[in-house]
Structure formats: structure tokens, C-alpha cells
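Numbering (this note's numbering), first residue to last: 23 to 237. Encoded as C-alpha cells, the structure appears first; notes follow it.
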């Protein structure tokens, strides 16, 4: 009788442990997934990771960036835009007018751009790519310096709450000054003027005038 009760007790404990393991495995699907890369030693991998994230996006490509001079990413963005993916880019004003910036290339094909200063008159210093449900963010600017010379990092994050927080921040900056852009590729859009950039003064006023590109 004692042996029987002992066996029954062991079986019960094993059953409880197995149930706990199943619950834990189920919860693992909701855990945050983070990968980190560093330049310059992993600069090429960072560039390839960003390019692949853009190329594989099916729903959205939202970018907040301080400095943007990389042709590889520009080409990937233009391809996505021409496929009809929701593409929107916010660039800091101080860097957008650089002779190395890719702003003009993006404007020429109609990619929606918002060029602005920071919310309180400083820099728009975020470096974020939202590709579908993945966030790629860190100190890394989209430039050769960041890729091959500077010590930078890039975090690749898959997490629902972090995604929602970044989408909220992007919408806060974008919708404050711009209406929601229709991204359906139509004949009318292809005929639209290339310069759709909105410039923003330090006081928050919009400035958009053909022939007067800079404040």
C-alpha cells in the first residue's frame, strides 16, 4: 500500500511539472526577441540586416533617421514604395540638406518625406526602422561613417509593446503635420509633382513652397 501511494505521489508531481512546462513553453512565444550588432566590426552585417528588413517588408516601412546617405537602403526603399508598401520617412532638417543626403532621390519618385527639427527645437535624433512588426534601432545612422568608422549599435527587436510604442511615436510626429497619405499606386500619383516635402519651422509651422526649398 505504501509503495502504491508513493508511486501515485511521484506520478502526481510529474504531472504538475509537465503541466508547468507546457504553460511555460506557451508563454515563450510572447517573450521579447532582441539581437544586437555593433559597427564597425559588424558594419556590413548591419547594412545587410537593414536592407533585408526593408526588402522583406509587406505592410510598412517607417523610418525615423538623423542622417541618411546610403544608396543601398535608398534603392530598397524606392522598390518597396513602387510595390505599394506603406513607406514613410522622417529626417532631421539639419542633415536633409547635406550634399550627401538621399533626400532628393526619394523626393523624385514621390516617397513621402517629413523633414523637421526636434519637437522642442533640437534635433530629430531618433534612428528607427519599423519594418512590418520588427523594430531596428540604436545609435546607427544610415551612413558610411556609421557603417565603417564609428562605434555604433543596432538592436533588432520583436516585441508587441515596444512595436506599439514606436508606432505611437512615429504617428505623433507624422500626423501632427501631415494627413494620412494614400499609398495606392495610381496613374495620378505617378504624375504628381516630385517635391512633396514639408518643412517645419522651429515654431512648428509648416512650410511647403516649390522654388523655395530651404528655410
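All C-beta atoms, glycine included, are put in the ideal place defined by N, C-alpha and C.
Check                                                                                                                                                                              : Outcome
Using DSSP with H/G/I as helix, E/B as strand and the rest coil, what is residue 159?                                                                                              : strand
Leaving aside the five residues before and after residue 45 along the sequence, list all residues of the same chain whose C-beta is less than 8 Å from its C-beta, in chain order. : At residue 45 the pLDDT is 42, less than 50, meaning the model places this residue with poor confidence; the figure from the coordinates comes in the next sentence. Hits under 8 Å: none found.
Determine, using beta carbons only, whether residue 137 and residue 159 come nearer to each other than 9 Å.                                                                        : no
What are the boundary residues of the alpha helix (DSSP H) that residue 165 is part of?                                                                                            : Premise fails: residue 165 is in no alpha helix (DSSP H) and is neither H nor E.
For residue 97, tell me which candidate among 139, 119, 133 has the shortest Cα-Cα distance.                                                                                       : 133
Relative to the alpha-carbon of residue 117, which residue among 147, 103, 93 has its alpha-carbon at the smallest distance?                                                       : 147
Got a sec, what are the start and stop residues for the alpha helix (DSSP H) residue 69 sits in?                                                                                   : 65 to 78
Over the uninterrupted beta strand (DSSP E) stretch that includes residue 61, give me the two end residues.                                                                        : 55 to 61
If you drop the 5 nearest sequence neighbours on each side, which residues of the same chain put their C-beta closer than 6 Å to that of residue 47?                               : The predicted model places residue 47 with a pLDDT of 43, which falls under 50 and marks its position as unreliable; any figure quoted below should be read in that light. None.
Roughly how many angstroms separate the alpha carbons of residue 58 and residue 135, rounded to a whole number?                                                                    : 28 Å
What residue does the alpha helix (DSSP H) around residue 92 start on, and which one ends it?                                                                                      : Unbroken run through residue 92: none, as it is neither H nor E.
Which value, in whole angstroms, describes the spacing of the CA atoms of residue 106 and residue 80?                                                                              : 9 Å
Can you name, in chain order, every residue of its own chain whose Cβ lies under 7 Å from the Cβ of residue 72, other than the five neighbours on each side?                       : 95, 151, 158
Alpha carbon to alpha carbon, what distance is there between residue 113 and residue 143?                                                                                          : 14 Å
State yes or no: is the C-beta of residue 87 within less than 9 Å of the C-beta of residue 153?                                                                                    : no
Taking the alpha-carbon positions, what's the residue 174 to residue 130 distance?                                                                                                 : 30 Å
Are there 16 or more other CB atoms within 10 angstroms of the CB of residue 171, so buried, or fewer, so exposed?                                                                 : exposed
Can you say whether residue 56 is buried or exposed, counting buried as having 16 or more other CB atoms within 10 angstroms of its CB?                                            : exposed
Out of 183, 91, 104, point me to the one whose CA is closest to residue 156's CA.                                                                                                  : 183
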